[in-house]
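One structure below.
Residue numbers (this note's numbering): 84 to 288.
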């Protein structure tokens, strides 16, 4: 078992089933006796959770949204992610900076270079060891979202917005194929679980 703590991020379109897959990841880590911390973005800290409510429900200029995302992320990096990794604890985050590229740049047309500038300011020396990208056709993701009556402002967006997010994620994965592992979320849940375990074995064993 590799001893260095890993930073793993979970990304994907809304409705891709990340919550279910988190259960598989927790079981894997527990079975391997690996110390871990699960966290999320926006959120993860007291301030981050307050900003999460604003970001998910209040309308604002897309660049303001981006700045607030990185404000929450700055607290997250320095209060949660880096200290735990330093202590030898594996950190798994439900979304990280790739989500900002996908949602704020891909979805809302904030220039990528502005996001990159903020990324370098907040965590230039921190990069995920593995990013699991849960991918799903847009029509399937929207169908899943319709069954949930408690949608945030992003989930309520039109199909074109969700298409742009998916395309942005897939473009990011093409640029960094070693870090990204694409999981097809439109298949049997048992197959998804096996794929996740296979990817985690490659990282930890």
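Note that CB positions come from ideal geometry on N, CA and C, so glycine has one too. Source: prediction; values computed, not measured.
Counted within 10 angstroms of its Cβ, other Cβ atoms place residue i as buried (16 or more) or exposed
i           : result
residue 102 : exposed
residue 131 : buried
residue 187 : buried
residue 144 : exposed
residue 200 : exposed
residue 226 : exposed
residue 159 : buried
residue 251 : buried
residue 129 : exposed
residue 126 : buried
residue 264 : buried
Per-residue DSSP class, three states only, for residue i
i           : result
residue 39  : Nothing in the structure corresponds to residue 39, since the chain is present only between 84 and 288.
residue 177 : strand
residue 266 : strand
residue 196 : helix
residue 251 : helix
residue 226 : helix
residue 212 : coil
residue 259 : coil
residue 288 : coil
residue 233 : coil
residue 207 : coil
residue 273 : helix
residue 191 : coil
Paired residues, beta bridge with residue i - DSSP
i           : result
residue 95  : 217
residue 123 : 177
residue 90  : 174
Problem set entry | the stretch 256 to 263 contacting the stretch 123 to 142, beta-carbon criterion three pairs below 8 Å | no
Exercise. Where in the stretch 98 to 167 do unbroken runs of the beta strand (DSSP E), each at least 3 residues long, occur, reported from the N-terminal end onward?
Worked result: 119 to 123
Exercise. Contact between the stretch 102 to 117 and the stretch 231 to 246: three or more CB pairs below 8 Å?
Worked result: no
For this session: Specify whether the stretch 160 to 171 and the stretch 211 to 226 touch according to this definition: at least 3 beta carbon pairs, one from each stretch, less than 8 Å apart.
Result: No, because fewer than three Cβ pairs between the stretch 160 to 171 and the stretch 211 to 226 fall closer than 8 Å, the two stretches do not touch.
For this session: Kindly confirm or deny that the stretch 266 to 279 and the stretch 176 to 191 touch, where touching means at least three C-beta pairs closer than 8 Å.
Result: no
For this session: Evaluate contact between the stretch 91 to 109 and the stretch 187 to 198, counting only Cβ atoms and requiring at least three cross-stretch pairs below 8 Å.
Result: no
For this session: Evaluate contact between the stretch 201 to 210 and the stretch 148 to 155, counting only Cβ atoms and requiring at least three cross-stretch pairs below 8 Å.
Result: Verdict: yes, contact present.
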